[in-house]
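Okay, so here's the structure we're looking at.
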Amino acid sequence: MSLARFLAKRLLQGAFVVWGVVTIVFGLRVIAPGDPANVLLPPDVDPEVRRQVVAELGLDQPLHVQYWKFITGVPTGDLGTSLTTGTEVTARVARSIPATLELAIAATVVAVVIAIPLGVVSATNRHTAPDYGATLFSLAGISTPNFWLGVMLIIVLSVQLNLFPTSQRAIGIPAIFDLVASMQFAAALEGLRTWLWYITLPAITLGTYFTALITRLTRSGMLDELGKTYVRASRAKGLPESLVRYRHVLRNTLIPIITVVGLQLGTLIGGAVITEFVFDWPGLGQVLISSINSRDWPMVQGSLIVISIGFVVVNIVVDTLYTYVNPRVGFD
Amino acid sequence: MLEDSPDRRGFLKYAGAATAASLAGCMGGDETTETDAGDGDDTDGGDGTDGGDDTETTDDGETEVGEFEVTITQGNMPSGLDPHDHRETPTDVVMLHAYEGLITRDAAGSTQAALATDWSRVEGENAAEFQLREDVTFHNGDTFVAEDAAYSINRIVDEDVGFASPQRDQLAGVSGASAVDETTVRVELDGLNPIVFSEFATYCDIVQKSWVEDRSKSEIGQEMNGTGPFQLDSYTQDEEVVFTRYDDYWDDPAEVSELTFRSATESSTRVNQMLQGETDIIVNVPPQEVNRINNSDAGSVSAAPSTRILYNGMRYDVEPFSSKQFRQAMNYAVDLESIVSNVLGGFGAQTGQPTLPEFVGHNDDVDPYPYDPDEAERLVEESGHAGVEIELNTPVGRYLKDLEIAQAVAGYIDELPNVSASVNQRDFGSLTDELLTGNIEDKPPWYLIGWGEATFEGALVMTALLSTNGALTSWSNDEFDSLLETAANSTGDERVSALEDANALANEEAPWIFLNQQYSVYGVSNRVEWEPRSDERIDAYAMSPAE
Numbered sequence: 006m007s008l009a010r011f012l013a014k015r016l017l018q019g020a021f022v023v024w025g026v027v028t029i030v031f032g033l034r035v036i037a038p039g040d041p042a043n044v045l046l047p048p049d050v051d052p053e054v055r056r057q058v059v060a061e062l063g064l065d066q067p068l069h070v071q072y073w074k075f076i077t078g079v080p081t082g083d084l085g086t087s088l089t090t091g092t093e094v095t096a097r098v099a100r101s102i103p104a105t106l107e108l109a110i111a112a113t114v115v116a117v118v119i120a121i122p123l124g125v126v127s128a129t130n131r132h133t134a135p136d137y138g139a140t141l142f143s144l145a146g147i148s149t150p151n152f153w154l155g156v157m158l159i160i161v162l163s164v165q166l167n168l169f170p171t172s173q174r175a176i177g178i179p180a181i182f183d184l185v186a187s188m189q190f191a192a193a194l195e196g197l198r199t200w201l202w203y204i205t206l207p208a209i210t211l212g213t214y215f216t217a218l219i220t221r222l223t224r225s226g227m228l229d230e231l232g233k234t235y236v237r238a239s240r241a242k243g244l245p246e247s248l249v250r251y252r253h254v255l256r257n258t259l260i261p262i263i264t265v266v267g268l269q270l271g272t273l274i275g276g277a278v279i280t281e282f283v284f285d286w287p288g289l290g291q292v293l294i295s296s297i298n299s300r301d302w303p304m305v306q307g308s309l310i311v312i313s314i315g316f317v318v319v320n321i322v323v324d325t326l327y328t329y330v331n332p333r334v335g336f337d
Numbered sequence: 023m024l025e026d027s028p029d030r031r032g033f034l035k036y037a038g039a040a041t042a043a044s045l046a047g048c049m050g051g052d053e054t055t056e057t058d059a060g061d062g063d064d065t066d067g068g069d070g071t072d073g074g075d076d077t078e079t080t081d082d083g084e085t086e087v088g089e090f091e092v093t094i095t096q097g098n099m100p101s102g103l104d105p106h107d108h109r110e111t112p113t114d115v116v117m118l119h120a121y122e123g124l125i126t127r128d129a130a131g132s133t134q135a136a137l138a139t140d141w142s143r144v145e146g147e148n149a150a151e152f153q154l155r156e157d158v159t160f161h162n163g164d165t166f167v168a169e170d171a172a173y174s175i176n177r178i179v180d181e182d183v184g185f186a187s188p189q190r191d192q193l194a195g196v197s198g199a200s201a202v203d204e205t206t207v208r209v210e211l212d213g214l215n216p217i218v219f220s221e222f223a224t225y226c227d228i229v230q231k232s233w234v235e236d237r238s239k240s241e242i243g244q245e246m247n248g249t250g251p252f253q254l255d256s257y258t259q260d261e262e263v264v265f266t267r268y269d270d271y272w273d274d275p276a277e278v279s280e281l282t283f284r285s286a287t288e289s290s291t292r293v294n295q296m297l298q299g300e301t302d303i304i305v306n307v308p309p310q311e312v313n314r315i316n317n318s319d320a321g322s323v324s325a326a327p328s329t330r331i332l333y334n335g336m337r338y339d340v341e342p343f344s345s346k347q348f349r350q351a352m353n354y355a356v357d358l359e360s361i362v363s364n365v366l367g368g369f370g371a372q373t374g375q376p377t378l379p380e381f382v383g384h385n386d387d388v389d390p391y392p393y394d395p396d397e398a399e400r401l402v403e404e405s406g407h408a409g410v411e412i413e414l415n416t417p418v419g420r421y422l423k424d425l426e427i428a429q430a431v432a433g434y435i436d437e438l439p440n441v442s443a444s445v446n447q448r449d450f451g452s453l454t455d456e457l458l459t460g461n462i463e464d465k466p467p468w469y470l471i472g473w474g475e476a477t478f479e480g481a482l483v484m485t486a487l488l489s490t491n492g493a494l495t496s497w498s499n500d501e502f503d504s505l506l507e508t509a510a511n512s513t514g515d516e517r518v519s520a521l522e523d524a525n526a527l528a529n530e531e532a533p534w535i536f537l538n539q540q541y542s543v544y545g546v547s548n549r550v551e552w553e554p555r556s557d558e559r560i561d562a563y564a565m566s567p568a569e
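The listed protein sequences derive, respectively, from chains R and V. Position one of the first sequence corresponds to residue 6 (my numbering), numbered consecutively onward. Position one of the second sequence corresponds to residue 23 (my numbering), numbered consecutively onward.
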């Protein structure tokens with residue numbers, strides 16, 4: 006199968022998945038308890054005002070009309086207007102995407118930078134102190150709930166030691182790019198420092214589970230590979246051990262890790278919710294939670310749709326990359 | 023220790039100023055909401071962290087004396103900036119810094135002059151008149167006139183003027199307004215409306231007629247032009263509202279030079295922000311976090327009774343709650359004093375009537391029910407409902423410690439040998455749906471709910487919650503209704519005494535298990551001198567630098 010056909014097929018599948026998600030989130034709104042008008046309006050409001058508000062929101066329309074309006078809006082980027090603020094959902098959600106992407110990517114970088122060397126050290130020093138240390142670390146990392154870790158990092162590193170800010174995002178990457186574009190390099194550099202300073206704790210919090218996961222994966226993958234015939238053959242040929250380990254074994258080990266990193270990036274986008282909440286990070290998760298709290302259904306639906314589209318896109322990219330890296334898989 | 027190092031503050035300010043300058047450059051720099059349509063980045067450079075001193079060195083090296091920047095962190099950001107299109111406290115708190123009403127309230131709740139200097143009923147007619155203050159200017163420099171006041175009132179009560187304002191019922195009984203001359207506005211009333219001035223002291227922010235008419239609904243929701251002590255500097259929806267002092271304010275200028283509103287939904291996030299010196303005032307400190315703040319160098323906890331009352335409604339039309347003895351028994355069975363001190367950590371007050379002490383109509387002679395399980399047991403026997411099983415429907419996380427209060431209440435009742443009680447945790451939305459249908463049959467027989475009333479009017483609380491046709495009522499009593507009717511058609515002492523009688527009757531008939539008055543618990547930084555108020559208003563105009 007050619008790359009083009011492969012992509013077309015994957016995109017079509019992706020579109021179906023998104024359609025399914027859109028339908029499910031619409032259905033969720035229908036079955037969820039709580040009339041949005043009751044949450045929006047005070048209990049003692051004039052019934053006439055209530056009726057008008059319900060009509061303005063289109064909630065008095067038959068379900069199939071509401072569904073059709075909703076589903077046809079998605080391809081054009083029209084996700085409705087927020088019930089609480091009256092602003093466009095698309096604009097609001099789009100505004101929160103950079104923050105979430107920054108966090109997900111930073112967490113991935115933290116994870117990859119720490120996990121792969123740690124996994125390699127662990128596998129190549131099997132049953133020694135470094136291996137036990139790394140195993141203990143991954144066990145702890147996988148078992149630690151990230152909301153707890155986040156709160157602990159804040160209490161120790163921010164509140165007690167005063168090393169980092171507790172929360173929020175003072176500046177974002179797009180603003181730093183604007184500075185670079187307007188040739189203000191010194192300010193851009195300061196902006197980057199500020200950004201790093203604010204993102205460190207959330208990125209560690211979000212990345213810890215992922216770090217532990219990749220460490221274990223690298224370790225076991227590497228051990229698998231080390232036991233294979235080609236390794237023995239390479240050693241028998243007299244190749245230096247470092248070349249065997251890092252040129253051949255690690256490279257083969259990395260193939261499945263790319264998949265996991267890619268898929269996890271998708272998960273991180275959706276899974277950043279709790280971390281964003283703890284660190285008051287103004288991303289998609291923050292929008293999602295506050296909209297759920299205020300029963301702002303269009304916002305809930307909009308952020309879920311964007312998260313699912315992100316997931317589908319990341320999946321397609323990972324699949325394509327994977328096939329590219331490992332030609333044995335093929336585009337079929 | 024908790025202040026930021028000069029180094030950190032320096033580079034933050036630098037980065038922030040540079041970023042803001044760059045963005046302003048890109049966008050023309052004349053929009054108050056320049057960051058709103060952007061990329062979601064807060065261009066402020068994070069200078070909410072500016073710690074503690076009143077003297078700042080600015081970027082160009084000049085020293086400004088008397089600068090006093092304050093940051094307030096609420097649980098939610100305002101839903102928008104249109105002063106007439108909201109009904110939530112967090113939005114109100116932001117509004118009151120830029121917009122003012124004709125009359126207002128002081129911290130104790132009593133009516134005060136604001137944009138009107140004098141107000142009175144028009145003899146012999148269903149109307150009232152306000153004499154307006156002269157030399158008041160809007161933030162755009164224009165002078166405030168009676169036409170603006172009339173327009174603002176009509177914008178709320180008449181949907182043909184603007185839109186269906188959710189504040190319309192808060193000016194109930196007001197049918198319209200007109201300007202008599204430059205400084206007099208006349209308000210038409212449907213009837214006697216004994217609480218009209220109380221309504222105006224709580225609602226009806228004044229906007230400028232021409233400014234509103236020149237703007238779309240969405241622009242009014244993102245810009246501000248009021249007469250208040252602060253003017254809008256920038257607004258990033260859902261992230262930040264920044265005000266600066268309005269130097270041409272008709273009264274003394276505020277001591278606060280720059281005021282920033284932010285939000286953090288999670289209470290421990292707010293507490294940490296405060297401990298770290300990133301914010302100066304935080305709302306809703308949970309009781310378990312109080313010591314962490316009080317034991318720190320950053321600030322302390324300050325609390326005030328709020329206008330919110332929590333209660334357990336009991337449907338009068340279903341057994342066993344149809345029995346007065348049973349309802350009274352439920353009140354005797356609950357150790358309210360212990361709930362207030364143990365569950366709420368002292369941040370609450372016991373109630374024994376639907377009207378709170380600060381409100382018009384509170385009956386000072388009515389006390390909360392004492393804890394008397396023996397009396398409760400006896401009354402249950404007398405009611406003939408011994409052995410009954412009942413279930414308390416409660417929302418979770420909507421009010422301070424709501425679930426814990428419900429569990430304690432059900433626990434005390436369950437301890438009675440002749441009643442068993444349990445708690446049913448409910449989604450707030452579905453619970454309110456059942457409470458708001460208007461049919462008593464749709465309501466759960468026994469439920470926990472709260473009600474906040476910023477007008478300080480016991481009559482409004484009792485009408486909504488206990489009169490036969492009230493929005494949330496699950497009780498009906500002819501004598502009670504007629505007392506409210508009397509109050510609605512009288513003024514002065516006669517009205518107050520009818521309301522006091524209604525409160526005494528409610529205590530006696532026990533349509534609720536009377537619970538607590540909720541407290542507003544704030545964390546206040548050591549840099550700021552400020553006293554919390556019972557109407558949940560956080561007024562930066564009343565703040566000054568701590569000595």
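No residue lacks a Cβ here, since even glycine has one placed at the ideal position from N, Cα and C. Bear in mind that the values here come from a model prediction, so they are computed numbers and not experimental data.
Burial state of residue i, where buried means 16 or more other Cβ atoms lie within 10 Å
| i | result |
| --- | --- |
| TYR544 (chain V) | buried |
| PHE387 (chain V) | Correcting the residue identity first, residue 387 (chain V) is Asp in this sequence and not Phe. ASP387 (chain V) should be labelled exposed. |
| TYR257 (chain V) | buried |
| ASN316 (chain V) | exposed |
| PRO11 (chain V) | With chain V running from 23 to 569 in the structure shown, residue 11 (chain V) is simply not present. |
| PRO303 (chain R) | buried |
| PHE75 (chain R) | buried |
| GLY146 (chain R) | buried |
| THR113 (chain R) | buried |
| PHE21 (chain R) | exposed |
| SER542 (chain V) | buried |
| HIS132 (chain R) | exposed |
| THR71 (chain V) | Bear in mind that a pLDDT of 38 at THR71 (chain V), under 50, signals an unreliable position, so the model cannot answer this. |
| PHE584 (chain V) | Outside the shown range of chain V (23 to 569) lies residue 584 (chain V), about which nothing can therefore be said. |
Residues bridged to residue i (per DSSP)
| i | result |
| --- | --- |
| ARG267 (chain V) | V:PHE252 |
| ASN415 (chain V) | V:ASN446 and V:TYR469 |
| GLN96 (chain V) | V:SER285 |
| PHE536 (chain V) | V:TYR333 |
| SER547 (chain V) | V:GLY321 |
| TYR541 (chain V) | V:PRO327 |
| GLU262 (chain V) | V:THR258 |
Inset, instruction - Output, in sequence order along the chain, the residues in the stretch 174-202 of chain V whose CB is closer than 7 Å to any CB in chain R. - result: ALA186, PRO188, ARG190 and ASP191
Legend entry - Segment contact, 8 Å Cβ cut-off, at least three pairs: the stretch 256-271 of chain V with the stretch 290-304 of chain V: no
Legend entry - Inter-stretch contact (C-beta, 8 Å, three-pair minimum) for the stretch 442-451 of chain V and the stretch 418-433 of chain V: Yes, they touch.
Legend entry - Contact residues within the stretch 217-239 of chain R, judged by C-beta distance below 7 Å to chain V: none
Inset, instruction - Give the residues from the stretch 276-299 of chain V that approach chain R closer than 7 Å (Cβ to any Cβ), ordered along the chain. - result: ALA286, THR287, GLU288, SER290, THR291, ASN294, GLN295, LEU297 and GLN298
Inset, instruction - Would you mind listing the alpha helix (DSSP H) stretches within the stretch 248-304 of chain R that are 4+ residues and don't spill past its ends, in chain order? - result: Along the stretch 248-304 of chain R, the alpha helix (DSSP H) occurs as fully enclosed runs of 4 or more residues at 255-276, 278-284 and 289-298, listed in sequence order.
Legend entry - Members of the stretch 142-164 of chain R that neighbour chain V once the beta carbon cut-off is set at 9 Å: VAL156, ILE159, ILE160, SER163 and VAL164
Inset, instruction - Please determine if the stretch 513-533 of chain V and the stretch 474-493 of chain V are in contact, where contact requires at least 3 C-beta pairs separated by less than 8 Å. - result: Touching, yes, given that three or more Cβ pairs across the two stretches are closer than 8 Å.
Legend entry - Unbroken stretches of the beta strand (DSSP E), 3 residues or longer, contained in the stretch 111-168 of chain V: The stretch 111-168 of chain V contains these whole beta strand (DSSP E) runs: 125-127, 133-135, 138-143 and 149-154.
Legend entry - Complete runs of the alpha helix (DSSP H) confined to the stretch 280-364 of chain V [at least 4 residues]: For the stretch 280-364 of chain V, whole alpha helix (DSSP H) runs of length 4 or above, ordered along the chain, are 289-297, 312-316 and 346-355.
Legend entry - Against chain R: residues of the stretch 413-424 of chain V by CB proximity under 7 Å: none
Inset, instruction - Take every Cβ of the stretch 122-135 of chain V, pair it with every Cβ of the stretch 223-230 of chain V, and state whether three or more of those distances are shorter than 8 Å. - result: With the rule of 3 Cβ pairs closer than 8 Å, the stretch 122-135 of chain V counts as touching the stretch 223-230 of chain V.
Legend entry - Complete beta strand (DSSP E) runs within the stretch 17-67 of chain R (minimum length 3 residues, chain order): Unbroken beta strand (DSSP E) runs of no fewer than 3 residues, entirely contained in the stretch 17-67 of chain R, are not found.
Legend entry - Residues from the stretch 75-94 of chain R in contact with chain V, defined by Cβ distance under 8 Å: THR89, THR90, GLY91 and THR92
Legend entry - the stretch 321-329 of chain R touching the stretch 264-276 of chain R, judged by at least three CB pairs closer than 8 Å: Judged by Cβ distances under 8 Å, the stretch 321-329 of chain R makes contact with the stretch 264-276 of chain R, as three or more pairs qualify.
Legend entry - Inside the stretch 196-252 of chain R only - alpha helix (DSSP H) runs reaching at least 4 residues: Those alpha helix (DSSP H) runs which fall completely within the stretch 196-252 of chain R and span 4+ residues are 234-241.
Inset, instruction - Flag this pair as touching only if the stretch 206-217 of chain R and the stretch 141-159 of chain R have three or more C-beta atom pairs under 8 Å; answer yes or no. - result: yes
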